[in-house]
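In this note's numbering, the protein residues as written are 13 to 485.
Let me begin by presenting the structure, written as structure tokens, before commenting on it.
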Amino acid sequence: MSILRLTTAIVMALLFTPLSIPASAKPHQYASSHPHDHAAKYRIDTAKLPGLDKELTALPQWSGDIPVGNNNTLFFWYTQAKNLKSDNLIFWHNGGPGCSSMEGLFEEIGPYRSKDQGRTWHMNPYSWHNFGHVVYIDQPFGTGFSTNNVTVPNEDFIGNTMVNFYLNFFKAFPEMKSKDMYIAGESYAGRYIPYMAKHVLDHNDKHKNELIRLQGIVLGDAYVDTDINNNFINYLPFVKEHKWIYANNETWLTEAEQLVEQAKKLPGCGNAKSDSEVSDACVALENQFYTCTNGGNPMYYDPYNINIKDCLQAQIDDSAAQASWEYYLNLAEVQDQIHISAPTHYVNCVNINSGIYALDPSIVTKYFIGSLIDRGLKVTMYSGLLDSVVPHTLTEAVIRQMTWKGHKGFAHSKMTKATMKPIIAGHPAKQRGRYHSERGLTYVVVDNSGHMMPRDDPVTAFWMMDKIVINKH
Numbered sequence: 013m014s015i016l017r018l019t020t021a022i023v024m025a026l027l028f029t030p031l032s033i034p035a036s037a038k039p040h041q042y043a044s045s046h047p048h049d050h051a052a053k054y055r056i057d058t059a060k061l062p063g064l065d066k067e068l069t070a071l072p073q074w075s076g077d078i079p080v081g082n083n084n085t086l087f088f089w090y091t092q093a094k095n096l097k098s099d100n101l102i103f104w105h106n107g108g109p110g111c112s113s114m115e116g117l118f119e120e121i122g123p124y125r126s127k128d129q130g131r132t133w134h135m136n137p138y139s140w141h142n143f144g145h146v147v148y149i150d151q152p153f154g155t156g157f158s159t160n161n162v163t164v165p166n167e168d169f170i171g172n173t174m175v176n177f178y179l180n181f182f183k184a185f186p187e188m189k190s191k192d193m194y195i196a197g198e199s200y201a202g203r204y205i206p207y208m209a210k211h212v213l214d215h216n217d218k219h220k221n222e223l224i225r226l227q228g229i230v231l232g233d234a235y236v237d238t239d240i241n242n243n244f245i246n247y248l249p250f251v252k253e254h255k256w257i258y259a260n261n262e263t264w265l266t267e268a269e270q271l272v273e274q275a276k277k278l279p280g281c282g283n284a285k286s287d288s289e290v291s292d293a294c295v296a297l298e299n300q301f302y303t304c305t306n307g308g309n310p311m312y313y314d315p316y317n318i319n320i321k322d323c324l325q326a327q328i329d330d331s332a333a334q335a336s337w338e339y340y341l342n343l344a345e346v347q348d349q350i351h352i353s354a355p356t357h358y359v360n361c362v363n364i365n366s367g368i369y370a371l372d373p374s375i376v377t378k379y380f381i382g383s384l385i386d387r388g389l390k391v392t393m394y395s396g397l398l399d400s401v402v403p404h405t406l407t408e409a410v411i412r413q414m415t416w417k418g419h420k421g422f423a424h425s426k427m428t429k430a431t432m433k434p435i436i437a438g439h440p441a442k443q444r445g446r447y448h449s450e451r452g453l454t455y456v457v458v459d460n461s462g463h464m465m466p467r468d469d470p471v472t473a474f475w476m477m478d479k480i481v482i483n484k485h
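Following this line, the structure appears as structure tokens:
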């Protein structure tokens, strides 16, 4: 899950013609884009992966370890674009910190779907490989199948590590170097990805003959502020918006409002630029705030999607889905084919470097996302309206505080609504959310989605990437 459940519990516009993805009894015929020896060692013999249907077996895939220095490697799984000539290369990151991006491969944007707890797998029609080459990366160190020989001190370290990853990935897959590159992810990846982008741009400034063609970043239900602002000060508007989930009286809300007002006046609270700057007094107020809000919500609602009223059942369902790919990735024959050098016990999320992240001195990313736009990147931020873990009210507060292209926040607040048609025949078109674009930043709110939008609403996720992020039509 994309912020560990150990953390405190807390589209659109334009009517468009869908991509043509015809149904066929025969699997799509792929041609490999990587005939070279340096890529051959990563090639997955999909015919030997158990339980794949014909479409997944036909899809060219590569996986393994990319060296990033100091005897460390990061694990990747790469699915080739359906159109071999696609100019798009997408790197996907789940959050945590410490959650494997195999979750994205097997439950969100990837081609893999299972209906029988991971015994067999069929093609996801909304897989993002329909419009680009997609690479799923286990990072930081210690996550998923990646090595764990070093302690991660801060986000700059991650940004620098990922530049090394990209450069070595392009050595193994030189055909990818000329592609238009995007970095996308959700939840705590909102901390990782802007640092990755910053270090890529810094690298490009210094190495004109070794450019990384980064075009944009996508931050989904993203953790871009301090814990205090995310879970406390900017959480209250979401509580007010959804009072019906919390309680039937106003006493707790009045107390919560008073606590937030106190917090705004404290140094090292709402104005903290990193988690390490947050004061003990502010943390004490935050704990009192949770007493108010959580007391009104005895966990009947799933904080990752408040439309799910049975939180216990939601956790059971999530665990069952996660168990399916954990089961699959722990099969010896699977690990052999995806080039795991020694038998490894795979788990989706680990509480990696938790003490360090709690006191991370890195400046939270809301303070420099605007500068990435100024340096030429497109930025897309999206929020599930039903997410209470990183609520849309937080993302909207962040956008109001951001400065880019010489102005603070959006000049116009009105968002456009529209209808969207699924690519699967027989599914009705309907309004799924709204969005607004200005000066290189697009913000998308998705109506029927929680914390993991590509899983909750794959139609909207597919449309967003194709029509807003890539937008080459």
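For every residue, glycine included, the Cβ atom is placed at its ideal position computed from N, Cα and C.
For the pair of segments examined, the segment 381 to 390 was found not to touch the segment 341 to 352: the number of CB pairs separated by less than 8 Å stays below three.
Its chain contains Lys191, Asp192 as the residues whose beta carbon lies nearer than 7 Å to that of Asp99, once the 5 sequence neighbours on both sides are disregarded; these appear in chain order.
The three-state secondary structure of Pro249, taken from DSSP, is helix. Looking at the DSSP output, Leu453 sits in a beta bridge with Val391, Glu450. Considering only Arg446, Ala51, Arg225, Asn142, the residue with the shortest C-alpha distance to Val175 is Arg225.
Cβ-Cβ separation between Ser158 and Phe87: approximately 5 Å, consistent with a contact (criterion under 8 Å). Ala209 is not a Cβ neighbour of His141, given a cutoff of 9 Å.
Only exposed fits Asp217, as fewer than 16 other CB atoms lie within 10 angstroms of its CB. Bridge pairing for Phe88: Gly76, Ile149 [DSSP].
Per the coordinates, the alpha-carbon of Lys252 lies some 13 Å from the alpha-carbon of Glu267. In this structure, Pro206 sits near Thr377, with a CB-CB distance shorter than 9 Å. Ile56 sits close to Gln73, with the two beta carbons spaced by under 9 Å. In this structure, the straight-line span from the alpha carbon of Asn221 to that of Tyr148 is close to 26 Å. Glu115 counts as buried, since no fewer than 16 other beta carbons sit within 10 angstroms of its beta carbon. For Asn100, the uninterrupted beta strand (DSSP E) run begins and ends at 100 to 105, by DSSP.
Contact between Ile318 and Ser400 holds, since their C-beta atoms are separated by about 5 Å, short of 8 Å. Taking 8 Å as the upper bound for CB-CB distance, Val362 and Thr163 are not in contact here, some 14 Å apart. Straight-line measurement puts the Cα of Ile482 at about 18 Å from the Cα of Val458.
For Tyr200 against Gly122, the beta-carbon gap comes to about 19 Å, at or over 8 Å, which does not count as contact. Only residues of its own chain outside the window of five on either side were considered, and among them Asp65, Arg125 have a CB closer than 6 Å to the CB of His134, listed in chain order.
Straight-line spacing of the CA atoms in Ala296 and Pro440 works out to 49 Å. Under the DSSP assignment, Ile195 falls in the beta strand (DSSP E) whose first and last residues are 192 to 198.
Comparing alpha-carbon positions, the option among Glu167, His219, Asp233, Lys183 lying closest to Pro315 turns out to be Asp233. When only Cα atoms are considered, Val471 and Ala293 end up about 44 Å apart. By a beta-carbon distance limit of 8 Å, Val272 does not contact Val410. Their separation comes to about 17 Å. Relative to the Cα of Tyr339, the nearest Cα in the group Gly130, Met427, Ala275 belongs to Gly130. Under the 10 Å beta carbon count, Glu167 is surrounded by 16 or more other beta carbons and is classified as buried. Between His448 and Tyr455 the beta-carbon gap is near 5 Å, inside 8 Å, which marks them as a contact. Counting along the chain, Gln227 sits inside no alpha helix (DSSP H); it lies in the beta strand (DSSP E) bounded by residues 226 to 232. Cβ-Cβ distances below 7 Å link His215 to Val175, Ile224 in the same chain, with the five nearest sequence neighbours on each side left out; the list follows chain order. Between Lys285 and Ile375, the C-beta spacing is below 9 Å.
Burial state of Arg467 is buried, judged by a 10 Å Cβ sphere holding 16 or more other Cβ atoms. Here DSSP, grouped into helix, strand and coil, assigns Asn95 to coil. The three-state reading of DSSP puts Arg131 in coil, since its state is none of H, G, I, E or B. Spatial neighbours of Asp150 in its own chain (CB-CB distance under 8 Å, excluding positions within 5 residues in sequence) are listed in chain order as Leu86, Phe87, Phe88, Ser112, Ser113, Met114, Gly156, Phe157, Ser158.
Taking C-beta atoms as the reference points, Lys276 and Ile245 count as a pair closer than 9 Å.
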